[in-house]
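Notes to accompany the following structure.
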Amino acid sequence: MRNGPLTKKIKDAVRRQRELATDSAWELDGTAVSLAGVAEWMSMERRCCLFLTLQVEASGYGPDFASNLIGPEGVKAFLASQFGVDKVE
């Protein structure tokens, strides 16, 4: 699933990745991917990555939103190896 068109669309929409204590947060370009698209992607990822907690955060009037990927120790390295998002802050 990670090599599918929806995953590519989401990876391309990442404006910035923030590394937090136990998770990664992706700030997404809401004009490049929809909330519905992210929800669909999260639904697929939940099937194979039961250890992840996936959240979407939308606030304000702008089109952008965030996706939080939370998990146990080692999850950040896993996410980096699987998704290769390189816009880290």
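Read in order, the letters of the sequence shown are residues 7 to 95 in the numbering used here.
Glycine residues also receive a C-beta, built at the ideal position from the N, C-alpha and C atoms.
Assuming D35 contacts A19 under a Cβ cut-off of 8 Å, what Cβ separation, rounded to an integer in Å, is found between them? Right, their Cβ atoms sit about 5 Å apart.
I need the straight-line Cα distance from P11 to V39, nearest angstrom please. Whole-angstrom Cα-Cα distance: 12 Å.
Are A72 and A31 close, meaning C-beta to C-beta below 8 Å? A contact, by the Cβ cut-off of 8 Å.
Roughly how many angstroms separate the alpha carbons of F84 and G68, rounded to a whole number? Between the C-alpha atoms of F84 and G68 there is a straight-line separation of about 31 Å.
In whole angstroms, what separates the C-alpha of T37 from that of P78? Cα-Cα distance, rounded: 31 Å.
In whole angstroms, what separates the C-alpha of I76 from that of K82? So the alpha carbons of these two residues sit roughly 9 Å apart.
Spatial neighbours of S65 in its chain, beta-carbon cut-off 6 Å, leaving aside the 5 residues before and after: Excluding the 5 residues flanking it on each side, S65 has no same chain C-beta neighbour closer than 6 Å.
Compare the C-alpha of K14 against each of Q23, W47, N74 and name the closest. The shortest Cα separation from K14 among Q23, W47, N74 belongs to W47.
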